[in-house]
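Protein chains in written order, with this note's numbering: chain H, 158 to 424; chain Z, 3 to 327.
Now the structure itself:
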């Protein structure tokens with residue numbers, strides 16, 4: 158039980174950082190405020206990067222960018238998963254084409270597709286969020302659809318239909334609540350995916366050049382040829398890297414906790 | 003069987019269509035004067051007449067269906083277009099990079115599926131402290147994005163310990179005709195260069211195999227046929243390997259196919275970090291240069307290759323299933 162609580166605490170901290178980060182940042186992260194690659198001292202708690210920007214300020218602003226894009230992707234992907242899954246489960250004419258589309262997207266190596274799309278439409282934080290959100294729904298759409306199909310054969314649906322309820326009402330009032338139990342798993346998995354994918358795209362140089370996320374910080378740091386020649390990576394590359402790992406670990410821990418709770422509940 | 007083939011054929015057609023349509027459906031025009039990136043800086047100086055000529059040369063003035071026909075015609079002749087950033091056909095660029103990625107992927111997948119499944123088996127069989135340790139370790143590894151694992155390995159084994167090279171796929175000039183290396187040495191050299199990249203992929207992928215094999219074996223731990231096997235006087239090792247382990251075979255094979263696409267994605271990252279001259283690095287370089295034809299060729303190859311392997315796996319899977327059932 159310790160790990161899920163720790164996960165929740167870490168995620169709360171990250172969320173607070175994302176909200177207050179820009180207010181806490183000692184400098185404007187875009188301004189040059191010192192010599193390049195200064196090691197941490199009192200003026201720059203995490204030192205400076207290759208062009209003399211304050212790394213701590215960058216890291217705080219990046220927390221907001223990383224978590225915001227993760228939240229956007231998760232919201233978009235969740236809404237799409239549920240819409241497609243519900244429609245495919247309830248409305249049989251739509252089932253074939255929708256599931257064929259889901260299968261197609263599942264069969265293509267996802268990172269390649271993201272790379273191609275983001276390169277073609279141009280990298281910006283909005284495009285990255287849209288691409289990842291619009292292309293990551295298929296797996297859970299299938300799961301939601303399976304759940305809908307399981308529910309739609311139950312007797313209370315039949316009674317509702319006999320009472321003359323419209324298909325829309327049945328779907329919304331009687332079927333939808335039965336799928337809500339899948340929501341925590343979807344959210345946790347998608348937050349994890351979003352942080353991973355955004356960081357990977359930013360690392361590969363497909364992030365928004367004007368917005369610093371943790372992945373983008375790493376991308377810039379790694380593009381600096383002498384990163385490992387000195388000790389600069391300790392204060393420049395390590396903080397964003399650890400942040401990404403911790404947020405992903407925290408979501409994983411939270412997920413196992415939620416699973417345990419769900420298993421204890423009598424079904 | 004016919005349905006299976008039909009499904010994969012439909013998938014292949016859809017992938018080819020997607021590859022054709024994606025750049026055309028997404029906003030932007032390669033010859034627009036004010037396009038934000040790509041080859042457009044050069045096109046902004048073109049006269050209207052030159053632009054019309056270019057449009058005709060690339061068949062962009064034809065209706066979409068006409069473009070599709072000429073695209074399919076080119077594809078049938080193995081013509082994937084010319085690279086924008088390098089003076090070579092995209093097909094040749096992809097072809098010379100393919101063996102690197104293929105070698106890396108196959109090695110990593112085989113090692114991680116075998117090692118991961120064995121570890122998962124052992125954890126499920128022994129239980130207790132070992133099980134907990136393996137579980138914690140694998141969920142920790144699954145939380146590491148590939149690029150971070152890659153950087154960590156690079157720092158530890160190449161920068162600090164200097165056991166492995168920092169980058170590249172082989173020692174520069176080693177394959178120089180003048181020096182004429184014998185092939186065993188060349189092979190060892192390549193293996194030495196690819197150890198860390200492959201290890202990164204193995205670490206990123208094996209966690210899933212651990213969990214799946216562990217789950218499959220755990221679910222049969224209390225089955226009576228295991229008690230029967232023990233009552234027959236078989237040793238624990240025999241019970242584990244002959245009666246418990248085969249249950250993990252099908253889920254592990256399924257996962258093998260599912261992981262292929264993800265490992266290909268991981269290869270892009272890993273090749274970038276270690277500068278392995280494979281498809282992933284080519285994709286990365288093409289992104290930087292906005293080299294659409296090459297990027298599309300990589301996409302086409304990857305998104306046709308992964309389902310093809312999955313098709314083969316599914317055939318094997320059916321045979322196995324018949325034998326098991």
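Glycine included, C-beta positions come from ideal geometry on N, C-alpha and C.
Per DSSP, residue 357 of chain H is one residue of the alpha helix (DSSP H) stretching across 340-360.
The beta-carbon distance between residue 216 of chain Z and residue 117 of chain Z, rounded to whole angstroms, is 13 Å. This is too long to meet the 8 Å contact definition.
Considered as a whole, the stretch 50-110 of chain Z harbours 50-59 and 66-78 as its complete alpha helix (DSSP H) runs of no fewer than 4 residues, in chain order.
In this structure, the CA atom of residue 151 of chain Z is about 23 Å from the CA atom of residue 254 of chain Z.
The beta-carbon of residue 362 of chain H is placed less than 9 Å from the nearest beta-carbon of chain Z. Counting other Cβ atoms within 10 Å of its Cβ, residue 391 of chain H stays below 16 and is therefore classed as exposed. Fully contained in the stretch 255-311 of chain Z are the following alpha helix (DSSP H) runs of length 4 or more, in chain order: 281-290.
Excluding sequence positions up to five before and after residue 129 of chain Z, its CB lies less than 6 Å from no other CB in the same chain. With its beta carbon less than 9 Å from one in chain H, residue 301 of chain Z belongs to the interface. Under the Cβ distance rule, residue 286 of chain Z counts among the residues neighbouring chain H, one pair being separated by less than 9 Å. Boundaries of the alpha helix (DSSP H) harbouring residue 21 of chain Z: 4-27, taken from the DSSP string. Put simply, the CB of residue 146 of chain Z is near chain H, with a gap under 9 Å to one of its CB atoms.
Going by beta carbons, residue 160 of chain H and residue 414 of chain H fall inside the 9 Å limit. Residue 249 of chain H is classed as exposed because its beta carbon has fewer than 16 other beta carbons within 10 Å across all chains shown.
Residue-level contact check: residue 265 of chain H touches chain Z, since one or more beta carbons of chain Z fall below 9 Å from its beta carbon. Boundaries cannot be given for residue 184 of chain H, as no alpha helix (DSSP H) includes it and DSSP labels it neither H nor E. Residue burial annotation: residue 165 of chain Z is exposed, with fewer than 16 other C-beta atoms found within 10 angstroms of its C-beta.
Among the residues of chain Z, those whose CB is under 8 Å from the CB of residue 353 of chain H are 147, following chain order. In the DSSP assignment, residue 295 of chain H falls within the unbroken alpha helix (DSSP H) covering 295-309.
Between the alpha carbons of residue 163 of chain Z and residue 286 of chain H lies a distance of about 39 Å. The beta carbon of residue 295 of chain Z sits no closer than 9 Å to any beta carbon of chain H. According to the DSSP assignment, residue 252 of chain H belongs to the alpha helix (DSSP H) that extends over 249-264. Taking C-beta separations shorter than 7 Å and ignoring five residues to either side along the sequence, the partners of residue 290 of chain H in its chain run 229, 230, 233 and 234, following chain order.
Of the residues assessed, residue 409 of chain H falls on the buried side of the cut-off, its CB having 16 or more other CB atoms within 10 angstroms. Between the C-alpha atoms of residue 212 of chain H and residue 201 of chain H there is a straight-line separation of about 8 Å. Spatial neighbours of residue 220 of chain H in its own chain (CB-CB distance under 8 Å, excluding positions within 5 residues in sequence) are listed in chain order as 171, 174, 175, 178, 371 and 400. Shown here, residue 224 of chain Z sits in coil according to DSSP, grouped into three states, outside any helix or strand. In this chain, residue 329 of chain H is not harboured by any alpha helix (DSSP H), its DSSP state being neither H nor E. In terms of CA proximity to residue 84 of chain Z, Z:93 leads the group Z:77, Z:78 and Z:93. Closest option to residue 267 of chain Z, judged by alpha-carbon separation, among H:192, H:353 and H:282: H:353. Rounded to the nearest whole angstrom, the CA to CA distance from residue 365 of chain H to residue 222 of chain Z is 50 Å. Between residue 292 of chain Z and the set H:273, H:198 and H:236, the nearest pair of CA atoms involves H:273. For residue 190 of chain H, the three-state secondary structure derived from DSSP is coil. As the crow flies, the alpha-carbon of residue 237 of chain Z is around 42 Å from that of residue 405 of chain H. Identification of chain H residues near residue 91 of chain Z by a Cβ-Cβ cut-off of 8 Å yields none; the smallest Cβ-Cβ distance measures about 19 Å.
Residue contact with chain H for residue 304 of chain Z: present (Cβ-Cβ distance below 9 Å to some residue of chain H).
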